[in-house]
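Notes to accompany the following structure.
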Amino acid sequence: MGQYFDNVNDDPLVSNDVNTSIVAWDQGISDEDEMFTQTVHEYSRLRKMKYVFVAACLIFIIAAISVSVTIGSYDIGFLKVYELIWAHITDTVAEEDATADYVVWQLRLPRIITAIFGGAALAVAGAVMQSALKNPLADSYTTGVASGAGFGAVVAMTFGIVFGSMSSVVIFAFLFALIPIGIIIAISRFTNSSPTTMIMAGMGTMYIFNAMTTVIMLYADPQALKTMYAWQVGSLGLSDWSYVPMIVLVSTVGVVISCLMGGKLNVLATGDESAKALGINADRLRVFLLLLTGILAAGIVSFIGLVGFVGLVAPHICRMFIGADNKFLLPASAIFGSVLMLLADQIGMVLLATPLPVGVVMAFFGGPLFIWLILRRSSKAW
Amino acid sequence: MTTIEFKNVNFGYSEDHIVLHDVNLVMDKPGLYCILGPNGVGKSTIVKCINKINEPLSGDVFLDGVNLKDMELKDISKKVTFVPAHQTDAFSMSVIDTILIGRYNKSKWGSQKQDLKRVYETMKLLHIEDLTYRKYNELSAGQHQKVTIARGLVQDTPVLILDEPTANLDVQYQVYITEMLRAIAEKRNMIILMISHDLNITSKYAHYVIMLARPGVIFATGKPEEIMNTDNIEKVYSIKSRIIPDQVCSEKTGTCLEVAHVILDEAIMNKDTY
Numbered sequence: 000m001g002q003y004f005d006n007v008n009d010d011p012l013v014s015n016d017v018n019t020s021i022v023a024w025d026q027g028i029s030d031e032d033e034m035f036t037q038t039v040h041e042y043s044r045l046r047k048m049k050y051v052f053v054a055a056c057l058i059f060i061i062a063a064i065s066v067s068v069t070i071g072s073y074d075i076g077f078l079k080v081y082e083l084i085w086a087h088i089t090d091t092v093a094e095e096d097a098t099a100d101y102v103v104w105q106l107r108l109p110r111i112i113t114a115i116f117g118g119a120a121l122a123v124a125g126a127v128m129q130s131a132l133k134n135p136l137a138d139s140y141t142t143g144v145a146s147g148a149g150f151g152a153v154v155a156m157t158f159g160i161v162f163g164s165m166s167s168v169v170i171f172a173f174l175f176a177l178i179p180i181g182i183i184i185a186i187s188r189f190t191n192s193s194p195t196t197m198i199m200a201g202m203g204t205m206y207i208f209n210a211m212t213t214v215i216m217l218y219a220d221p222q223a224l225k226t227m228y229a230w231q232v233g234s235l236g237l238s239d240w241s242y243v244p245m246i247v248l249v250s251t252v253g254v255v256i257s258c259l260m261g262g263k264l265n266v267l268a269t270g271d272e273s274a275k276a277l278g279i280n281a282d283r284l285r286v287f288l289l290l291l292t293g294i295l296a297a298g299i300v301s302f303i304g305l306v307g308f309v310g311l312v313a314p315h316i317c318r319m320f321i322g323a324d325n326k327f328l329l330p331a332s333a334i335f336g337s338v339l340m341l342l343a344d345q346i347g348m349v350l351l352a353t354p355l356p357v358g359v360v361m362a363f364f365g366g367p368l369f370i371w372l373i374l375r376r377s378s379k380a381w
Numbered sequence: 000m001t002t003i004e005f006k007n008v009n010f011g012y013s014e015d016h017i018v019l020h021d022v023n024l025v026m027d028k029p030g031l032y033c034i035l036g037p038n039g040v041g042k043s044t045i046v047k048c049i050n051k052i053n054e055p056l057s058g059d060v061f062l063d064g065v066n067l068k069d070m071e072l073k074d075i076s077k078k079v080t081f082v083p084a085h086q087t088d089a090f091s092m093s094v095i096d097t098i099l100i101g102r103y104n105k106s107k108w109g110s111q112k113q114d115l116k117r118v119y120e121t122m123k124l125l126h127i128e129d130l131t132y133r134k135y136n137e138l139s140a141g142q143h144q145k146v147t148i149a150r151g152l153v154q155d156t157p158v159l160i161l162d163e164p165t166a167n168l169d170v171q172y173q174v175y176i177t178e179m180l181r182a183i184a185e186k187r188n189m190i191i192l193m194i195s196h197d198l199n200i201t202s203k204y205a206h207y208v209i210m211l212a213r214p215g216v217i218f219a220t221g222k223p224e225e226i227m228n229t230d231n232i233e234k235v236y237s238i239k240s241r242i243i244p245d246q247v248c249s250e251k252t253g254t255c256l257e258v259a260h261v262i263l264d265e266a267i268m269n270k271d272t273y
């Protein structure tokens, strides 16, 4: 060292104070430095609080599941439900319990599982889209995924296209939901993949698909129209075991991959240029994330309809509690999304005589809750 | 130590919109390099060619003798740190987490305490340890700047590039940061390349100055005393100035350095210069 500068420690232009500070910085402080130890303590404490939030959501969801299986219009006693589940597993269901067994196994459980995995997937997709596109409004609506799915479903319902065993509505919704993502990626290839360009492309596609859906619905017969409306607000009422494996698979794979990208997303959030300077190809990563979350969101909405709100609010509420670090935000959003979806569905079932679709309940309760949280928040979280 | 070389680099956003014309530049000695030049002349553009944020239309950039075209972003990032000009994030984290991102390439499983230590030391160097748990977006522009400089410093690479690091700082910290960068370059034999608009601070603290002029060419390179003169300043900036020579001496040993103060007199406004 010092071969290039002969006055390294005696540069007249470097004051003693600066020199001392640099020497201290260059050599580093001791591991036992008191202030540093305090900083580490405080840092670990805040980290622990994030884990506590995630753990609390987990405990809450287990409790919510336990209660949910016992709630429904067909009255089965609280403990009786668990006896039935045990009996079903051990294959000892009594004949007089056949109806109750059907209600629990064929109606309630698939519905609960769909709510949990669907909520997690949509919330994580929303969180990743928001971070990757640096836009608090990014979700499966503003990227056009929901509108694409909606159009696909309406097409399938109108023309009654049938493919094998899987419902054509699901297949059409999924395929059409991928179109907006494809368009966004294609446009970003031709121009540039700035987050604003991408979200504007998504919004443009959304309007096109919405217009086409409206046209079809104008000419649809009243019965089909009713189904279309029901599908568009999103409902878990159609869930049965045939959908569950796909939903669980898509959701698990998508959520796990997304959560593993948390660290990279944090780097991307510092801006494209600093991300590139840290060795991450920002454009390529953003396209990948958009593709991943597009498939994830499409995979879910094609089964349960357009339940969009959870993807917008769950990540924002989590950010208010644990901050914007994606390493924590993504898993937290997943669990919180499950909680929201399950709660909204259960409230919708017990609130009125006619069950309300989960999307409607989510908007009714989630909207005011969200606005209240925004007002209550004194500091700027984003 | 690391070297940087530009060979016949032309950069533009299209063939009709060339920003940099035939740039040839060698940085093979450590030190604080300041880039001067009027707005829109390509100062940021040129530094972003060193980490492949910008890729030249023609010509080559070499890092340690290796053509950047043959290097991955990841490999470059281990040698070159880039501190962008002032920015805000859509979703901001705490200051400590924001700076920790700078350790992205260095952190491994279990290295968290060491990473935190480097972050803490650097926050102390920049006097921002009081802001540790504040949200980045709640801070002022000057504080943002210190945080992003800290995020750059914790990367501990042999080349550090800063895009107008002192733009939002008060005068005390404009001097402190520049002086600090000079000292770090000397102690660690680093190439520190900063874009600046302050002729006084540059002529005093820079080891080397790179002057860019319209329409995106290198006008002069050299030590400040060689090229910071009234003629060059007038040609590059269209402003009349006077240079007042001065001496700064070390309190300890009495060795002295010649420095120059620049007094800006009057801007020459004619259509060719803006």
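Chains Y and L, in that order, are what the protein sequence lines are.
Under numbering that gives the first Met the number 0, the first residue of the first sequence carries the number 0, and numbering increases by one thereafter.
Under numbering that gives the first Met the number 0, the first residue of the second sequence carries the number 0, and numbering increases by one thereafter.
Think of the CB as a built atom: it goes at the ideal place given N, C-alpha and C, for glycine as much as any other residue.
Since we're looking at a predicted model, the values are computed, not measured.
- Taken through DSSP and simplified to helix, strand or coil, L:E163 comes out as coil.
- Y:V249: member of the alpha helix (DSSP H) spanning 243-259, first to last residue.
- Under the three-state reduction of DSSP, Y:H315 is assigned to helix.
- Boundaries of the beta strand (DSSP E) harbouring L:E265: 255-266, taken from the DSSP string.
- Its chain contains V309, G310, A313, P314, S332, A333, F335, G336 as the residues whose beta carbon lies nearer than 7 Å to that of Y:A122, once the 5 sequence neighbours on both sides are disregarded; these appear in chain order.
- From the beta-carbon of Y:T157, no residue of chain L is found nearer than 8 Å; the closest lies around 40 Å away.
- Assignment of L:G30 by DSSP, reduced to helix, strand and coil, places it in the strand class.
- Just so you know, the alpha carbons of L:L130 and Y:D324 end up roughly 17 Å apart.
- Minimum Cα-Cα distance from Y:D138 among the listed residues Y:L289, Y:Q345, Y:K49 corresponds to Y:L289.
- In the same chain as Y:M216, and ignoring 5 residues on each side of it, the C-beta atoms closer than 7 Å to its own belong to V153, L224, M227, in chain order.
- Taking a 10 Å sphere around the C-beta of Y:R375, we find fewer than 16 other C-beta atoms and assign the residue as exposed.
- Annotation for L:P214: no beta strand (DSSP E) segment contains it, and DSSP assigns it neither H nor E.
- If only complete runs of 4 or more residues are kept, the region 89-157 of chain Y shows the alpha helix (DSSP H) at 97-101, 108-131, in order along the chain.
- Contact between Y:V286 and Y:I184 holds: their C-beta atoms lie close to 5 Å from each other, under 8 Å.
- Nearest Cα to Y:M361 within the set Y:L235, Y:T212, Y:G71, Y:Y42: Y:L235.
- In the three-state reduction of the DSSP assignment, L:M193 falls in the strand class.
- Between Y:A268 and L:F90, the beta carbon gap of about 6 Å places them in contact (Cβ cut-off 8 Å).
- At a cut-off of 8 Å between beta carbons, L:M210 makes no contact with chain Y.
- The C-beta of L:K112 has fewer than 16 other C-beta atoms within 10 Å across all chains shown, which makes the residue exposed.
- For L:P244, the uninterrupted beta strand (DSSP E) segment begins and ends at 238-248.
- When Cβ pairs closer than 8 Å are counted between the two stretches, the region 16-25 of chain L is seen not to touch the region 351-370 of chain Y, the count staying below three.
- Per DSSP, the beta-bridge partners of L:G221 are L:V208.
- Between L:V60 and L:V8, the gap from beta carbon to beta carbon is short of 8 Å.
- In the structure shown, Y:I215 adopts helical secondary structure according to DSSP, grouped into three states.
- Straight through space, the alpha carbons of Y:G27 and Y:V7 are spaced by roughly 18 Å.
- Distance from the CA of L:I75 to the CA of L:L67, rounded to the nearest whole angstrom, comes to 8 Å.
- In this structure L:Q246 is exposed. Its beta-carbon is surrounded by fewer than 16 other beta-carbon atoms within 10 angstroms.
- What Y:F327 touches in chain L, judged by beta-carbon distance under 7 Å, is nothing: the nearest beta carbon there is about 10 Å away.
- For Y:V252, the closest alpha carbon among the candidates Y:N280, Y:V13, Y:I279, Y:G298 is that of Y:G298.
- Assigned with DSSP and collapsed to three states, Y:L12 falls in coil, not helix or strand.
- In the three-state reduction of the DSSP assignment, L:L24 falls in the strand class, which pools E and B.
- For the C-beta of Y:D282, not a single chain L residue is nearer than 9 Å; the gap to the nearest is close to 11 Å.
- Within the model, the alpha-carbon separation for L:I95 versus L:I127 is close to 10 Å.
- Around the beta-carbon of Y:Q222, fewer than 16 other beta-carbon atoms lie within 10 Å, marking it exposed.
- Contact note: L:P83 reaches chain Y through G270, E272, S273, using a C-beta cutoff of 7 Å and chain order.
- Cβ neighbours of Y:S250 within its own chain (closer than 8 Å, five residues either side excluded): F116, G117, A119, A120, L295, G298, I299.
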